[in-house]
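Engineer: Numbering (the numbering used here), first residue to last: 242 to 372. Glycine included, C-beta positions come from ideal geometry on N, C-alpha and C. As the structure is a computational prediction, the values presented were derived from the model and not from experiment.
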């Protein structure tokens, strides 16, 4: 599992990238790392790039993630999650259906759809490097 992120203050945009096989514990640990960044601004919109990600998570793990994010109350922006694999996409859609947090969330399958949802133009070069 690999995690990278970029904060683009001039665009008021956060970009997070997960790759490999991702668990709920991985997601919560790395989101806390992202929130700890001094440049993090909870009002920015964001894209979570999960293209090609696989997961060991199960439907019952969604409650853990829901509790984590809903209890934090950090963030008020709009977020697009890009998913391309069936199981993570299904779990993300279930998550979206029951999420009651302060952010607006959309599950999409491409960068183009994410940018359309966020009403931005974002060149692919702005995505985090996966070195």
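Leaving out five residues before and five after residue 355 in sequence, what residues of the same chain have Cβ atoms less than 6 Å from its Cβ?
Structural biologist: Hits under 6 Å: 288, 321, 323 and 349.
Engineer: From which residue to which residue does the beta strand (DSSP E) around residue 259 run?
Structural biologist: Here the beta strand (DSSP E) through residue 259 covers 254-260.
Engineer: According to DSSP, is residue 270 helix, strand or coil?
Structural biologist: In the structure shown, residue 270 sits in a helix (DSSP, three-state: H, G or I).
Engineer: Once the 5 residues before and after residue 280 are set aside, which same chain residues still bring their CB inside 8 Å of it?
Structural biologist: Answer for residue 280: 248 and 250, listed in chain order.
Engineer: Output the distance between the C-alpha atoms of residue 360 and residue 297, rounded to the nearest integer angstrom.
Structural biologist: Each residue's Cα considered, the two are about 32 Å apart.
Engineer: By the three-class DSSP mapping on this structure, what secondary structure does residue 333 have?
Structural biologist: Residue 333: helix per DSSP, three-state reduction.
Engineer: Using the Cβ count rule (16 or more neighbours within 10 Å means buried), how would you classify residue 316?
Structural biologist: It counts as buried.
Engineer: Residue 326: which of 290, 253 and 256 sits nearest, CA to CA?
Structural biologist: The residue with the shortest Cα to Cα distance from residue 326 is 290.
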